[in-house]
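Some notes on the structure that comes next.
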Amino acid sequence: MATGWAHDGAVQEQIDSTVDDAIQRARQQLPQGLSAEKCQHCDAPIPEGRRQAVPGVQLCIACQVLEDQHTRYSGYNRRGSKDSQLR
72 MATGWAHDGA VQEQIDSTVD DAIQRARQQL PQGLSAEKCQ HCDAPIPEGR
122 RQAVPGVQLC IACQVLEDQH TRYSGYNRRG SKDSQLR
């Protein structure tokens, strides 16, 4: 139920686009390559199970939690909607 000059389904397309962008951003942040045996931040050993579960892991769980807490995401769709331009 789009209004104005937008075609039917435009709102859903914008929602889908926002979700697709978030998924792509999350996938790009996943580690890749060889896993480290020791944490890059605190030098603690990284358990074998974690190294197998997360290919390319470089941080222990404690340091990863801290890293994730510092990661910020605005959550706004920047694809040109009038509302996102006003925020």
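72 is the number of the first residue of the sequence shown in the working numbering; add one for each residue after it.
C-beta: ideal position from N, C-alpha, C; glycine also.
Buried or exposed: which applies to Cys113, given that a residue is buried once 16 or more other Cβ atoms fall within 10 Å of its Cβ? Under this definition Cys113 is an exposed residue.
So Leu130 is in the alpha helix (DSSP H); what residue range does that whole segment cover? Here Leu130 belongs to no alpha helix (DSSP H), and DSSP marks it neither H nor E.
Could you please give the first and the last residue of the uninterrupted alpha helix (DSSP H) stretch that includes Gln99? Going by DSSP, Gln99 is part of the alpha helix (DSSP H) stretching over Ala81 to Gln100.
Reference Ala107; option with closest CA among Ile94, Arg96, Pro116 and Gln140: Ala107 has its Cα closest to that of Pro116, out of Ile94, Arg96, Pro116 and Gln140.
Status (buried if at least 16 other CB within 10 Å, exposed otherwise) for Leu101: Classification of Leu101: exposed, given that the 10 Å Cβ count is below 16.
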